[in-house]
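2 protein chains.
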Amino acid sequence: MSDLRIRLARREDVPAIVALLADDMLGKGREDASDLERYYAAFDAMDVEATNNLYVVETDALPVAGTFQLIYMQGLSLGACKRAEIEAVRVHADLRGQGMGTRMFDWAIEKARADGCRLFQLTTNRTRDDGQRFYDQLGFEASHVGYKMKL
Amino acid sequence: MSDLRIRLARREDVPAIVALLADDMLGKGREDASDLERYYAAFDAMDVEATNNLYVVETDALPVAGTFQLIYMQGLSLGACKRAEIEAVRVHADLRGQGMGTRMFDWAIEKARADGCRLFQLTTNRTRDDGQRFYDQLGFEASHVGYKMKL
């Protein structure tokens with residue numbers, strides 16, 4: 001894992017990112033890799049939003065070994081706080097349990113801090129028991145209830 | 001409450017919005033209305049982000065009777081879903097318990113749907129019991145744990 005590199009996603013990464021998103025206990029029922037056009041369109045929409053960045057993790061063995069999305073949100077609340085939110089975190093099945101998630105979060109947290117964020121937030125589905133242990137260990141506080149509504 | 005109007009916040013609304021943010025069980029320890037400059041700077045930063053919009057609610061009696069922030073986040077996950085997140089929701093103390101929160105949420109959900117979002121999300125502090133009842137009643141699903149880390 002020493003050769004891990006994190007960089008902004010490029011358009012040609014989209015199929016590999018979608019494959020990572022789909023190779024997941026919840027994602028497998030939600031993604032459709034046979035319809036890549038809508039994912040390319042989403043990538044293009046994100047690409048012009050300076051506050052919304054998609055990252056991939058490269059290793060020597062795997063060009064797309066992991067992915068996450070980091071969104072910055074300036075607000076007035078919390079003393080005019082800019083916050084960072086992380087979404088769509090995935091580690092390639094071959095590399096799970098080897099510390100890559102921690103490396104990704106350390107990097108994302110440091111990046112957000114360097115970019116002036118004073119709060120880092122995420123939600124994780126209640127059914128992801130491993131996720132909750134992971135975030136507890138990273139030092140996150142499970143202070144909030146995460147509500148969702150499909151539109 | 002029939003005269004309620006929702007509009008984008010303007011720079012001159014900042015002091016009234018900060019007063020609303022501070023008049024709250026958690027906000028009162030987090031906001032500092034004596035230092036408005038940083039709130040104006042935050043407003044200016046938000047104002048250039050097309051995906052990050054601050055709203056106020058007007059009534060005939062109160063020019064700033066409520067406020068909320070609505071952020072859109074395009075992503076690849078969930079079938080290339082664009083999601084909406086609501087933050088910093090406040091109702092003026094004189095108007096609580098009269099249905100204004102529901103009107104604000106109905107408006108925000110409809111706006112997000114019209115703008116192409118397919119998921120609407122928020123987190124609420126576990127100590128806000130009233131908040132959780134409110135979101136349950138609105139039809140949100142408490143499917144996630146909300147993690148925060150101060151940077």
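Sequence order for the protein chains is A and B. Heads up: the first sequence runs through residues 1 to 151, numbered per the UniProt record's numbering. Heads up: the second sequence runs through residues 1 to 151, numbered per the UniProt record's numbering. Cβ atoms here follow ideal geometry from the backbone N, Cα and C, with glycine treated the same way.
- Query: Along chain A, in chain order, which residues have C-beta atoms closer than 8 Å to that of B:F43?
  - Reply: Taking the first residue of the second sequence as 1, we reach residue 43 of chain B at position 43. Within chain A, the residues near B:F43 are L76.
- Where does B:V18 land, buried or exposed, given buried means 16+ other C-beta within 10 angstroms? By 1-based counting over the second sequence, the position of residue 18 of chain B is 18. The residue is buried, with at least 16 neighbouring Cβ atoms inside 10 Å.
- Task: Kindly indicate if chain A contains any beta-carbon less than 7 Å away from that of B:L21.
- Result: Taking the second sequence and counting its residues from 1, one reaches residue 21 of chain B at position 21. Residue contact check for B:L21 against chain A: a CB pair falls below 7 Å.
- Item | 6 Å CB neighbourhood of A:Q69 in its chain, flanking five on each side removed | What you label residue 69 of chain A is simply residue 69 of the first sequence in a count that begins at 1. Result list for A:Q69: L54, E87 and A88, in chain order.
- Message: Against chain A, with Cβ distances strictly below 7 Å, would B:L8 count as a contact?
- Response: For this step, residue 8 of chain B is matched to residue 8 along the second sequence. Interface with chain A (7 Å Cβ-Cβ cutoff): B:L8 is excluded.
- Kindly indicate which residue of B:G27, B:E12 and B:A16 has the alpha-carbon position closest to the one of B:D47. By one-based count along the second sequence, residue 47 of chain B stands at place 47. Out of B:G27, B:E12 and B:A16, B:E12 has the C-alpha closest to the C-alpha of B:D47.
- Item | Closest residue to A:S77 among B:L8, B:D115, B:A22 and B:N125 (Cα-Cα distance) | As a working note, residue 77 of chain A is residue 77 in the first sequence. The shortest C-alpha to C-alpha distance from A:S77 to any of B:L8, B:D115, B:A22 and B:N125 is the one to B:A22.
- Give the straight-line distance between the Cα atoms of B:M104 and A:M149, rounded to the nearest whole angstrom. Here residue 104 of chain B refers to the residue found at position 104 of the second sequence. Here residue 149 of chain A refers to the residue found at position 149 of the first sequence. Across the structure, B:M104 and A:M149 are spaced so that their CA atoms are roughly 15 Å apart.
- Message: I'd like to know if B:L26 contacts chain A, where contact means its C-beta is closer than 7 Å to some C-beta of that chain.
- Response: Numbered from 1 along the second sequence, position 26 holds the residue referred to as residue 26 of chain B. With respect to chain A, the C-beta atom of B:L26 has no partner C-beta closer than 7 Å.
- Message: Taking the straight line between their C-alpha atoms, what separation do you get for A:V145 and B:Y135?
- Response: Along the first sequence, one-based indexing puts residue 145 of chain A at 145. Along the second sequence, one-based indexing puts residue 135 of chain B at 135. In a straight line, the C-alpha of A:V145 is about 10 Å away from that of B:Y135.
- Amino acids of chain C, ordered along the chain, whose beta-carbon sits closer than 9 Å to that of A:S34: No chain C is present in this structure, whose protein chains are A and B.
- Any Cβ of chain A within less than 7 Å of the Cβ of B:H144? Position 144 of the second sequence, counting from 1, holds the residue named residue 144 of chain B. At least one chain A Cβ lies under 7 Å of B:H144.
- Taking Cβ-Cβ distances shorter than 7 Å, what residues in chain A pair up with B:R126? The residue labelled residue 126 of chain B in the question sits at position 126 within the second sequence. Among the residues of chain A, those whose CB is under 7 Å from the CB of B:R126 are S143, H144 and V145, following chain order.
- Bounding residues of the beta strand (DSSP E) (the contiguous stretch that carries B:M149): Position 149 of the second sequence, counting from 1, holds the residue named residue 149 of chain B. DSSP places B:M149 inside the beta strand (DSSP E), whose first and last residues are E141 to K150.
- Tell me where the alpha helix (DSSP H) around A:V14 begins and ends. Along the first sequence, one-based indexing puts residue 14 of chain A at 14. Residues V14 to A22.
- Item | Nearest neighbour of B:T59, chosen from B:C117, B:G139 and B:Q98 [CA to CA] | Numbered from its first residue, the second sequence carries residue 59 of chain B at position 59. Comparing Cα-Cα distances from B:T59 to each of B:C117, B:G139 and B:Q98, the minimum goes to B:Q98.
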